[in-house]
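To start, the structure itself, in structure tokens.
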Amino acid sequence: IYLVGFYEEREFALYVSSISNELRIPVRYLREDKPHGSAGALYNFRDLIMEDNPSHIFLLNCDVCCSFPLPEMLDAHRNYGGMGTILVIKVSAESASQFGELVADPDTNELLHYTEKPETFVSDLINCGVYVFTPDIFNAIQGVSSQRKDRENLRRVSSFEALQSATRNLTTDFVRLDQDILSPLAGKKQLYTYETMDFWEQIKTPGMSLKCSGLYLAQFRLTSPNLLASGDGTKNATIIGDVYVHPSAKIHPTAKIGPNVSISANARIGAGVRLISCIILDGVEIMENAVVTNAIVGWKSSIGRWSRVQASSKYNYLM
């Protein structure tokens with residue numbers, strides 16, 4: 001597993017080490033030296049990605065929340081026989097323009113048309129930001145870079161023409177997956193779609209993290225109920241709805257927790273505390289009779305007795 005980004009490597013060191021041990025597979029953070037675009041970044045690290053000669057490559061955007069049906073996607077992709085398969089979902093016509101809209105063949109699921117955040121409605125089918133590709137994706141990315149080099153070498157563009165075309169201002173190694181790969185290859189029997197019927201959200205604000213946490217907790221109820229806490233207020237805290245509690249967290253039996261609450265490692269929850277729709281991160285202390293609702297409490301924070309921390313329940317608000 002490779003994580004690609006711009007942050008310093010030390011920012012991810014602890015997380016990478018922890019997740020490698022938990023998953024028992026190698027995880028590595030790769031820092032870009034400059035922006036290469038969503039597809040260009042993949043190409044920039046192609047030698048590392050292809051080190052073990054994988055037959056397929058999954059590419060996941062970091063800001064999406066879904067059930068990630070990767071095995072099902074891979075099976076569909078192999079049946080299609082194309083270069084890539086995109087996870088898609090149907091949304092309302094009103095919200096579709098906020099995402100990449102696409103048209104797929106209803107019989108073969110081939111991608112016929114793709115446009116990123118169009119001004120007018122195209123389709124209620126949108127790109128979920130989850131892909132599976134064969135290594136041929138690298139040839140497609142290289143082809144875009146080569147075309148840009150050829151244009152630079154063979155054609156002198158006037159300043160007026162340059163202003164009319166944003167693509168002419170892009171460097172040859174900056175390649176966008178949506179505009180430079182998906183759109184041109186649509187309708188060429190190279191790309192296909194796999195529609196998910198599960199939940200999907202895009203995480204663009206801190207508040208959306210709360211909504212997505214609730215979606216995953218609801219998913220646990222169906223797939224891994226053993227991960228969810230329970231209690232009736234006698235020996236353990238009263239638990240309402242879907243709640244996750246790390247084994248190292250300490251919660252007073254008189255506390256009331258839920259619904260939609262996630263409590264991380266080494267948190268301490270005092271007597272009479274009420275938690276609703278919140279995420280409590282590592283090492284947090286919440287003292288007696290405090291209330292936290294619609295909030296994310298940061299690492300090693302302390303909330304005093306009888307305090308109230310409450311944010312808007314509108315998830316798209318910037319906190």
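Numbering (the UniProt record's numbering), first residue to last: 1 to 319.
C-beta atoms are modelled at their ideal positions from N, C-alpha and C, and glycine is treated no differently.
Remember, it's a predicted structure, so these values are computed and weren't measured experimentally.
For residue 226 and residue 252, the rounded distance between their alpha carbons: As a working note, residue 252 is residue 252 in the sequence shown. As a working note, residue 226 is residue 226 in the sequence shown. Cα to Cα, residue 252 sits roughly 21 Å from residue 226.
Looking at residue 103: is its Cβ nearer than 8 Å to the Cβ of residue 194?
Residue mapping note: residue 103 aligns to position 103 of the sequence shown, counting from 1. Residue mapping note: residue 194 aligns to position 194 of the sequence shown, counting from 1. At least 8 Å separates the beta-carbon of residue 103 from that of residue 194.
| said: Can you tell me whether residue 24 is buried or exposed? The criterion is at least 16 other CB atoms within 10 Å of its CB, across all chains shown. | reply: As a working note, residue 24 is residue 24 in the sequence shown. Exposed, by the Cβ-count rule.
### Query
Under the DSSP definition of a beta bridge, which residues are partnered with residue 64?
Along the sequence shown, one-based indexing puts residue 64 at 64. The bridge partners DSSP lists for residue 64 are 202.
Could you give the first and the last residue of the continuous alpha helix (DSSP H) run that contains residue 96?
Walking along the sequence shown from the start, residue 96 turns up at place 96. Looking at the DSSP string, the run of the alpha helix (DSSP H) that includes residue 96 is 93-96.
Query raised in the report: Using CA coordinates, which residue listed in 196, 208 and 234 is at the minimum distance from residue 90?
Result: Here the question's residue 90 lines up with position 90 in the sequence shown. Selected option, being the one with the closest Cα: 196.
Practice item. Confirm, please, whether the CB-CB distance from residue 209 to residue 296 is below 8 Å. Key: Reading the sequence shown from its first residue, position 296 is the one you call residue 296. Reading the sequence shown from its first residue, position 209 is the one you call residue 209. Taking 8 Å as the Cβ cut-off, residue 296 and residue 209 qualify as a contacting pair.
Next item on the list: Name the one or two DSSP bridge partners that residue 104 has.
Entry: What you label residue 104 is simply residue 104 of the sequence shown in a count that begins at 1. Residue 104 pairs with 111.
Buried or exposed by the 16-neighbour rule on C-beta atoms within 10 Å, applied to residue 160:
Along the sequence shown, one-based indexing puts residue 160 at 160. Below a pLDDT of 50, predicted positions are generally treated as unreliable, and residue 160, at 46, falls in that range; the measurement from the model is reported next regardless. Residue 160 comes out exposed.
Is the distance from the Cβ of residue 288 to the Cβ of residue 268 below 8 Å? As a position in the sequence shown, residue 288 is number 288, starting the count at 1. As a position in the sequence shown, residue 268 is number 268, starting the count at 1. Cβ atoms of residue 288 and residue 268: not closer than 8 Å.
Check: Rounded to a whole number of angstroms, what is the C-alpha to C-alpha distance between residue 141 and residue 39?
Finding: The residue you call residue 141 lines up with position 141 of the sequence shown. The residue you call residue 39 lines up with position 39 of the sequence shown. Those two C-alpha atoms are separated by around 7 Å.
For residue 282: DSSP bridge partner residues:
Mapped onto the sequence shown, residue 282 falls at position 282. As DSSP reads the structure, residue 282 sits in no beta bridge.
Compare the Cα-Cα distances from residue 139 to each of 281, 44 and 108 and report the closest residue. To locate residue 139, count along the sequence shown from 1; it is residue 139. The shortest C-alpha separation from residue 139 is found at 44.
Open item on the list: Can you tell me whether residue 146 is buried or exposed? The criterion is at least 16 other CB atoms within 10 Å of its CB, across all chains shown.
Closed with: For the purposes of this step, residue 146 is taken as the residue at position 146 of the sequence shown. That one is exposed.
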